[in-house]
Amino acid sequence: MSYLPALQIVTRRIAMQVNSFIEYPVVGGMVNTAVEQKINYAILATVKKLYADQVKQLLDQGYPQIPPMEIRGWYEIKTNERGVLSLSIGNYTIAFPAAHGWTIIKSLTFDTLTGEIYQLNNLFKPDSGYMKILSDIVSAQIKERNIPVISPYPGIKPLDQDYYIADKALVIYYQLVEFTPYVYGFPMFPISVYEIQDIIKPGTPLEKMLSDY
């Protein structure tokens, strides 16, 4: 595989009401500007959706209109190498006079040559049984790490399972209170790519992490 440099990334800020802002990444300097635009569009769309989801949740709780609130939006780059960009985008919102706020974290993993976004199911060979394999690994980690639960572990979702790639690891994670207490935060489960290399689909971002270069 030929060497692929890291993407150039700058931070943009959306200033909102007092004490509220959203920061998000913007990719630049790519030779293929169509791919660059595709990646940036997907990132910004996710940022906007997180904000919309937070507002919807408040309205669903019975607020007659959007209440006074503080918002913090941020991002973390997990992988930016080997033609792979994997990042997490977070949004914390607190509506007054609530005692505590709510956080949502979503992640995107791109092939930087094509701009394609990979869902978890796209990373594995057809009929590999990846859902059971990953679910068993996560279940074992829950037991080994004595992670508290408020409901049985639901397993890997067939669609829209949250994950990101961090160097040589696939990190499966879940939202607040999906099955763990609020105070525990986001349960995250790192899985070495070498532990699951037999079921990884060739040509995917996860397969690129198997390389030693």
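Position in the sequence shown (from 1) plus 4 gives the number in this note's numbering.
Glycine included, every Cβ here is placed at the ideal spot set by N, Cα and C.
| Check | Outcome |
| --- | --- |
| Would you kindly work out how many angstroms separate the C-alpha atoms of Gln179 and Ile109, rounded to a whole number? | 7 Å |
| Taking the beta carbon of Asp131 as the centre, do at least 16 other beta carbons fall within 10 Å, making it buried, or is it exposed? | exposed |
| List the DSSP bridge partners of Asp115. | Val88 |
| If the criterion is Cβ atoms closer than 8 Å, does the pair Tyr28 and Gly94 meet it? | no |
| Are three or more beta carbon pairs between the segment 19-27 and the segment 57-69 nearer than 8 Å? | no |
| Just to confirm my understanding: we take Leu138, look at its own chain, exclude 5 residues before and 5 after, and list those with CB closer than 6 Å. What are they? | Ile160 |
| Report the residue from Leu63, Tyr45 and Phe128 whose alpha carbon sits nearest the alpha carbon of Val197. | Phe128 |
| Which one or two residues does DSSP pair with Asn95 in a beta bridge? | Gly77 and Ile108 |
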